[in-house]
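What follows is a single structure, written as structure tokens, with notes after it.
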Amino acid sequence: FGSSPGSRQPCPPDRAQRCGGARHRSEAMQNEEGRIVDLYLPRKCSATNRLIPAKEHGAVQLNVGQVDENGRYTGEFYTFALAGFIRSRGESDACLNRLLHEKGLLTFSK
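Below, the structure written as structure tokens:
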């Protein structure tokens, strides 16, 4: 199918689903309401607001859970993402402390 450079024959249905070529891609992803959604949403570093690339393996994402006065998890949490750039510089602890203080989850009083 399509062995010569000038031929533009359609692929058979079974191959069109397996093939990753631009000609064979299916329609965009849609959710239950029919809205078009992206497969990949990039994360942003909570400390620097830099975009975290998909291939960055040094980045981490932390979920900090809320607890009640008895110390039980309430089911609510805050999500923080730290880029590998911050972690490699050794500033992730200070940045996380600052972010937690801004959310009111950490106090520095004695």
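First residue of the sequence shown? That's -15 in my numbering, and the numbers climb one at a time after it. Ideal Cβ placement from N, Cα and C applies to all residues, glycine included. Please read all numbers here as calculations on a predicted model, not as lab measurements.
query: Which residues bound the beta strand (DSSP E) around PHE61?
result: 57 to 66
task: Taking only the alpha-carbon atoms, compute the straight-line gap between PRO37 and PRO26 and give it to the nearest angstrom.
output: 7 Å
- prompt: Are GLY68 and GLY42 close, meaning C-beta to C-beta below 9 Å?
  reply: yes
- prompt: Hey, how far is the Cα of ASN54 from the Cα of ASN47?
  reply: 20 Å
field: Buried versus exposed, by CB contacts within 10 Å (16 or more), ILE70
entry: buried
Residue nearest to TYR24 in terms of C-alpha spacing, selected from THR91, LYS39, ALA78: LYS39
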